[in-house]
Amino acid sequence: MMNRPFDRRDFLKLAGVGGAVLASGLGPWGRAQAAAGEDFLFVQMTDTHWGFEGPPNPEAKNTLRKAVAAVNSLERQPDFIIFTGDLTHAAADEKEGLRRMTEFKAIVSELKVKDVRFIPGENDTGLDNGEMYQHVFGNGHYSFDHKGIHFVALDNVSDPNGLIGEKQLEWLHADLARLDKTAPVVVFAHRPLFDLYPPWDWATKDGAKAIDILNPYENTTVFFGHIHQEHHRITGHIAHHAAESLIYPFPSPGSQPKRTPVAWDAAHPFKGLSYTTITEHAGAAKPTRHPLA
Numbered sequence: 170m171m172n173r174p175f176d177r178r179d180f181l182k183l184a185g186v187g188g189a190v191l192a193s194g195l196g197p198w199g200r201a202q203a204a205a206g207e208d209f210l211f212v213q214m215t216d217t218h219w220g221f222e223g224p225p226n227p228e229a230k231n232t233l234r235k236a237v238a239a240v241n242s243l244e245r246q247p248d249f250i251i252f253t254g255d256l257t258h259a260a261a262d263e264k265e266g267l268r269r270m271t272e273f274k275a276i277v278s279e280l281k282v283k284d285v286r287f288i289p290g291e292n293d294t295g296l297d298n299g300e301m302y303q304h305v306f307g308n309g310h311y312s313f314d315h316k317g318i319h320f321v322a323l324d325n326v327s328d329p330n331g332l333i334g335e336k337q338l339e340w341l342h343a344d345l346a347r348l349d350k351t352a353p354v355v356v357f358a359h360r361p362l363f364d365l366y367p368p369w370d371w372a373t374k375d376g377a378k379a380i381d382i383l384n385p386y387e388n389t390t391v392f393f394g395h396i397h398q399e400h401h402r403i404t405g406h407i408a409h410h411a412a413e414s415l416i417y418p419f420p421s422p423g424s425q426p427k428r429t430p431v432a433w434d435a436a437h438p439f440k441g442l443s444y445t446t447i448t449e450h451a452g453a454a455k456p457t458r459h460p461l462a
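Next comes the structure, spelled out in structure tokens:
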């Protein structure tokens with residue numbers, strides 16, 4: 170595992186509403202797709218925590234709606250949108266949990282793009298190991314193909330021990346086995362698959378096993394949430410990118426004794442909540458950040 174400066178292959182910048190990401194920017198295989206006329210746009214949104222109230226976000230009841238409006242206003246609408254977990258804030262009982270999930274689903278139904286996908290976060294699964302989540306949103310792990318790219322959604326939160334689990338890892342291995350080792354693969358997860366900062370639960374206990382399964386595939390990118398901040402890491406040849414939250418930021422890993430949200434700045438509301446669009450044209454990448462204001 171190592172950090173290194175990003176070059177053009179890794180320029181994907183994710184934040185806030187998530188990154189709006191052109192597939193043509195996802196490394197050399199993405200450029201090959203662009204050359205074939207298959208470039209496309211998708212949006213990652215993460216950690217909306219619907220149902221959260223109080224400090225550090227006095228605008229908690231409006232932030233998700235503002236994000237939906239922001240994505241709807243994009244001049245180029247994405248092919249699909251994925252929410253990478255913590256759709257709702259943890260509830261004390263099943264009735265309240267179901268209410269939050271139902272309200273969340275109604276709000277995101279206002280997105281212009283109707284291909285909207287989800288994976289769970291630990292706030293969505295804590296009451297019943299994901300049973301209610303699956304009832305409302307479907308299976309927590311799955312795969313799909315889009316314009317020559319294989320996408321994999323992992324559930325690394327439903328297991329109460331913080332595991333992906335052997336059964337799902339076996340599924341991942343079988344799902345990828347039919348692909349050529351040069352095939353482009355994009356993985357979505359809630360928690361980071363590597364050990365970012367385990368004392369704050371910023372890790373997946375068996376994430377290394379998933380990375381071992383992914384390693385033979387030469388063109389793999391992982392997008393995750395959970396840490397409420399932009400973060401980039403390279404493990405071997407796999408690039409991992411985290412998006413900012415849609416509710417409040419967290420401080421840098423290990424920068425303080427406890428993991429507590431960054432205080433709301435009334436002078437700069439929605440600071441740390443934003444989205445980034447990335448375009449690539451004629452070999453030049455252009456990332457643009459859009460604050461959620």
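Counting from 170, one number per residue, gives the positions in the sequence shown under our numbering. Yeah, the Cβ is synthetic: ideal placement off N, Cα and C, and Gly gets one too. Remember, it's a predicted structure, so these values are computed and weren't measured experimentally.
- Taking F273 as the centre and dropping the five residues before and after it, the same chain places the C-beta of W219, L256 and T257 closer than 6 Å to its C-beta, in chain order.
- Counting only runs that start and end inside the stretch 323 to 366, the alpha helix (DSSP H) elements of at least 4 residues fall at 335 to 346.
- Listed in chain order, the non-local C-beta contacts of V277 below 7 Å within the same chain comprise V237 and V285, local neighbours out to five positions each way being set aside.
- Taking the Cα of L280 as reference, the smallest distance to any Cα among L362, D248 and T389 is reached at D248.
- For H397, same chain residues with a beta-carbon under 7 Å away, outside a window of 5 residues either side, are D216, E413, S414, Y417, P418 and F419 in chain order.
- Counting of Cβ neighbours within 10 angstroms places G307 among the exposed residues, the total staying below 16.
- By the criterion of at least three beta-carbon pairs nearer than 8 Å, the stretch 375 to 389 is in contact with the stretch 345 to 356.
- Here I380 really is in contact with F363; their C-beta atoms are around 7 Å apart, less than 8 Å.
- Between the stretch 285 to 297 and the stretch 305 to 319 there are three or more C-beta pairs closer than 8 Å, enough to call the two in contact.
- Here the alpha carbons of T271 and D324 stand approximately 20 Å from one another.
- Going by C-alpha positions, H409 is about 33 Å away from A261.
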